[in-house]
Amino acid sequence: MDRRPRRRTCRSLTMSGTLTQTIEDVSLDVPWNVVVHDDPVNLMTYVTLVLMKIFGYPESRAAAMMMEVHKRGRAIVWTGEREKAEFYTQQLQAHQLKTSMEKTE
Amino acid sequence: MKVAPTLKGGLRIDIETPLDWMVLRCISYDARGGGIDLADRVSAPMAGDEAAGDWQEYVLPELRESFTAQLDAIEAAIAHAGDGEEPGEVFITREDSDLWYGGLNQARLALEERYGFSSATLEEMTPGERSAWFRSQFYLHVQSVLLDHVLK
Chain A
223 MDRRPRRRTC RSLTMSGTLT QTIEDVSLDV PWNVVVHDDP VNLMTYVTLV LMKIFGYPES
283 RAAAMMMEVH KRGRAIVWTG EREKAEFYTQ QLQAHQLKTS MEKTE
Chain B
564 MKVAPTLKGG LRIDIETPLD WMVLRCISYD ARGGGIDLAD RVSAPMAGDE AAGDWQEYVL
624 PELRESFTAQ LDAIEAAIAH AGDGEEPGEV FITREDSDLW YGGLNQARLA LEERYGFSSA
684 TLEEMTPGER SAWFRSQFYL HVQSVLLDHV LK
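For the protein sequence lines, the chains are A and B, in the order given.
Numbering of the first sequence is given in my numbering, commencing with residue 223 and proceeding in unit increments.
Numbering of the second sequence is given in my numbering, commencing with residue 564 and proceeding in unit increments.
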């Protein structure tokens, strides 16, 4: 079962008197960044390997992103639609990388 | 203790002394003992996001479950390897390498949070801190072997 967060609330009046309402998130066109943050424990080789595994990046690109995390404290590793950003963020966190997502400016 | 890759693409840990058994058992002890919520930690940068509430409710329990499962599997593998007195062997298959790497990472993370090794020198450490530092280095070594010979 897909249990990723959904930005949706349902409300409607049923026979039993329950009120439900639907609120859809319409800001689907705004791209989202997936951001990996530096930490003192994860090995540089491991971070590179995880980026290659999750995004299918070639080693050179993944290593460059890893170096950016290491030197700047954070790096945008992917940009795209929100649902996929949530999925990738969850995947990276499952690999114990400090990760967040943010709207592109 | 010896740690070496196997011909089948996994890793073998030879446990030779009671001290080796103790060090291996410390993996889950260290990881669980710090009172650190790793799921909270890896998702901490999301705290300001508008979806943080949903993340807490739906994603974090799943992450916690997978992190706990890693430690459970490591404990089971060590228990299966022997009684803690006689020499034994722990085999880490290629399929299990991710969970071992993750469990070792949890142990290192917990020790780092508790003792802050990166800002201390060996001379300044108490005997307890030094012992934890050596365990952390051992976990790091096993992780490095896993990375070089199994995960890549």
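Virtual Cβ for every residue (Gly too), placed ideally from N, Cα, C.
A quick note: this is a predicted structure, and the numbers were derived from the prediction, not measured.
Top-ranked residue by Cα proximity to residue i, from the options
i: residue 680(B); options: 666(B), 695(B), 669(B) and 690(B); result: 695(B)
i: residue 326(A); options: 605(B), 583(B) and 612(B); result: 612(B)
i: residue 324(A); options: 313(A), 302(A), 315(A) and 273(A); result: 302(A)
i: residue 648(B); options: 626(B), 581(B), 628(B) and 576(B); result: 581(B)
i: residue 311(A); options: 626(B), 663(B), 645(B) and 651(B); result: 626(B)
i: residue 591(B); options: 608(B), 664(B), 709(B) and 707(B); result: 664(B)
i: residue 638(B); options: 594(B), 674(B) and 675(B); result: 594(B)
Distance, residue j Cα to residue i Cα
i: residue 308(A); j: residue 572(B); result: 33 Å
i: residue 275(A); j: residue 715(B); result: 10 Å
i: residue 568(B); j: residue 252(A); result: 47 Å
i: residue 583(B); j: residue 264(A); result: 24 Å
i: residue 606(B); j: residue 634(B); result: 20 Å
i: residue 641(B); j: residue 624(B); result: 26 Å
i: residue 293(A); j: residue 321(A); result: 16 Å
i: residue 636(B); j: residue 670(B); result: 14 Å
Span of the beta strand (DSSP E), counted from its first residue to its last, around residue i
i: residue 568(B); result: 565-568
i: residue 321(A); result: 321-325
Secondary structure of residue i, DSSP reduced to three states
i: residue 305(A); result: helix
i: residue 576(B); result: strand
i: residue 715(B); result: coil
i: residue 299(A); result: strand
i: residue 652(B); result: strand
i: residue 723(B); result: Nothing about residue 723(B) can be read from this structure; chain B reaches only from 564 to 715.
Start-to-end residues for the alpha helix (DSSP H) that takes in residue i
i: residue 197(A); result: This structure gives no information on residue 197(A), because the portion of chain A shown stretches from 223 to 327.
Query raised in the report: In chain order, what residues of the segment 588-620 of chain B put their CB closer than 9 Å to some CB of chain A?
Result: 601, 602, 604, 605, 606, 607, 608, 609, 610, 611, 612, 613, 614, 616, 617, 618 and 620
Query raised in the report: What are the residues of the segment 262-279 of chain A that lie near chain B, defined by any Cβ-Cβ distance shorter than 8 Å?
Result: 262, 263, 264, 265, 267, 268 and 271
Report task. Residues of the segment 654-685 of chain B with a CB closer than 7 Å to any CB of chain A: list them in chain order, please. Result -> 665, 668, 671, 672, 675 and 681
Query raised in the report: What residues in the segment 294-319 of chain A have a beta carbon less than 7 Å from any beta carbon of chain B?
Result: 312, 315, 316, 318 and 319
Query raised in the report: What residues in the segment 621-655 of chain B have a beta carbon less than 7 Å from any beta carbon of chain A?
Result: 621, 622, 625, 626 and 629
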